[in-house]
């Protein structure tokens, strides 16, 4: 297997893992608006006040099943399905299928277009399949521990580490709160469930500055990455059920290589989600894997 193929596949795996359920820039502080509980015309809570409740309720729900699709411009598209738990760090299982584009080609050459991910507190693991194992000493799993990612990627790796460790569904709600630009669209059905639709546009560079979960260096590096990708604003829509829980979110943004879009559904809040570390003798750390591949 060519080293360049393995390297590109490793990058694709890392990029996909960062898209499990939230946007690239993550949390932030609440935006300006009416005080919580203050009503607008008609007696209903204003959108910012309502979303503060959604933020709290979704955070407190601890776990959920997730499924969705992501398109990363010319790089291709992917589908994901599984479960995440955020009661004590982010853990869970997701199955990601790369459906088209260069990323799918890279994954097919390196192993398989369907990858099983396991997320643990120390990092995440990707099962690359039998084809990859045959060319890597019989090991199916690649380990991406957060400390190694931070070490290998500098500020970019530190940003990814921080992002993955705080990737909860309500981060999208936090983004809307931080932007302060939110409107209530109306009542709609989401997979047969009554839901309230909210919409807003966020300045992604501004949000990285407001992100309380990132240090200044990591935030600056993430801003540069977003600027290099051509991503300046992002349109976010969320749908909330009558229990103030997020049931759907969409994100759309323009990039230099095309349109970024993601749709994710959340269901079965409170579901039991477990994730076990793969067997050590069936796992290779990404750092060790890259060392094994000769430079070209």
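In our numbering, the protein residues as written are 22 to 317. Where is the CB? At the ideal position from N, CA and C, for every residue including glycine.
1. Output yes or no for whether 8 Å exceeds the beta carbon distance between residue 219 and residue 259.
2. Measuring CB to CB, does residue 131 end up less than 8 Å from residue 97?
3. Going residue by residue through the segment 182-217, where are the continuous beta strand (DSSP E) segments of at least 3 residues, counting only ones entirely within it?
4. Could you check whether the segment 136-143 touches the segment 283-290, counting it as contact only if at least three pairs of C-beta atoms, one from each stretch, sit closer than 8 Å?
5. Helix, strand or coil for residue 75, going by three-state DSSP, please let me know.
6. Go through the segment 101-151 residue by residue and report every complete run of the alpha helix (DSSP H) that reaches 4 residues or more, in order.
7. Where does residue 158 fall in DSSP's three states?
8. Measure the beta-carbon distance from residue 216 to residue 268 and round it to whole angstroms, keeping in mind my assumption that it falls under 8 Å.
9. Does the beta carbon of residue 85 sit closer than 8 Å to a beta carbon anywhere in chain B?
10. Could you spell out where the beta strand (DSSP E) holding residue 258 opens and where it closes?
11. Looking at residue 222 and residue 195, is the spacing between their C-beta atoms short of 8 Å?
12. Which of the three DSSP states is assigned to residue 297 in this structure?
13. According to DSSP, simplified to helix, strand and coil, what is residue 163?
14. Tell me which residues share the same chain as residue 119 and place their Cβ nearer than 7 Å to its Cβ, disregarding the 5 neighbours each side in the sequence.
15. Cα separation between residue 71 and residue 136?
16. Can you tell which of 193, 75, 304 has the C-alpha that lies nearest to the C-alpha of residue 138?
17. If we ignore side chains and look at the alpha-carbon of each, how far apart do residue 102 and residue 266 end up?
18. Looking at residue 299 and residue 167, is the spacing between their C-beta atoms short of 8 Å?
19. Going by the beta-carbon positions, is the gap between residue 331 and residue 282 smaller than 8 Å?
20. For residue 274 versus residue 112, is the C-beta spacing smaller than 8 Å?
21. Does the beta-carbon distance from residue 89 to residue 254 come in below 8 Å?
22. Quick one, which of 110, 157, 94, 95 has its alpha-carbon nearest residue 83's?
23. Helix, strand or coil for residue 85? Go by DSSP, reduced to three states.
24. Is DSSP giving residue 283 helix, strand or coil here?
If we stick to the structure as given:
1. Here residue 219 is taken as the residue at index 198 of the chain shown, counted from 1. Here residue 259 is taken as the residue at index 238 of the chain shown, counted from 1. Contact flag set, yes.
2. Numbered from its first residue, the chain shown carries residue 131 at position 110. Numbered from its first residue, the chain shown carries residue 97 at position 76. Result no, Cβ atoms of residue 131 and residue 97 do not sit closer than 8 Å.
3. 203-211
4. no
5. Translated into the one-based positions of the chain shown, residue 75 becomes position 54. Three-state result, residue 75: helix.
6. 122-131
7. Here residue 158 is taken as the residue at index 137 of the chain shown, counted from 1. Here residue 158 sits in coil by DSSP.
8. Stepping through the chain shown from its first residue, residue 216 is reached at position 195. Stepping through the chain shown from its first residue, residue 268 is reached at position 247. Going by Cβ atoms, the distance from residue 216 to residue 268 rounds to 6 Å, so yes, they are a contact pair.
9. The structure shown has no chain B; it contains just one protein chain.
10. What you label residue 258 is simply residue 237 of the chain shown in a count that begins at 1. Residues 254-261.
11. Translated into positions along the chain shown, residue 195 becomes position 174. Translated into positions along the chain shown, residue 222 becomes position 201. Cβ atoms of residue 195 and residue 222: not closer than 8 Å.
12. For this step, residue 297 is matched to residue 276 along the chain shown. Of the three classes helix, strand and coil, the one that applies to residue 297 here is coil, per DSSP.
13. Taking the chain shown and counting its residues from 1, the one referred to as residue 163 is at position 142. Here residue 163 sits in strand by DSSP.
14. Position 98 of the chain shown, counted from the first residue, corresponds to residue 119. Hits under 7 Å: 97, 99, 125, 128, 134.
15. The residue given as residue 71 occupies position 50 in the chain shown. The residue given as residue 136 occupies position 115 in the chain shown. Their backbone Cα atoms lie some 37 Å apart in a straight line.
16. One-based indexing of the chain shown puts residue 138 at position 117. Residue 138 has its Cα closest to that of 304, out of 193, 75, 304.
17. Counting from one through the chain shown, the residue named residue 102 turns up at place 81. Counting from one through the chain shown, the residue named residue 266 turns up at place 245. Near 19 Å, if we compare the C-alpha coordinates of residue 266 and residue 102.
18. Within the chain shown, numbered from 1, the residue matching residue 167 stands at position 146. Within the chain shown, numbered from 1, the residue matching residue 299 stands at position 278. Not closer than 8 Å, so no.
19. Because the chain in this structure spans residues 22 to 317, residue 331 falls outside the shown range and cannot be described.
20. Counting from 1 along the chain shown, the entry for residue 274 is found at position 253. Counting from 1 along the chain shown, the entry for residue 112 is found at position 91. Contact flag unset, no.
21. Looking up residue 89 in the chain shown gives position 68. Looking up residue 254 in the chain shown gives position 233. No.
22. By one-based count along the chain shown, residue 83 stands at place 62. Per the Cα distances, 110.
23. The sequence position of residue 85 within the chain shown is 64, counting from 1. Here residue 85 sits in strand by DSSP.
24. In the chain shown, counting from the first residue as 1, residue 283 sits at position 262. Strand, per DSSP.
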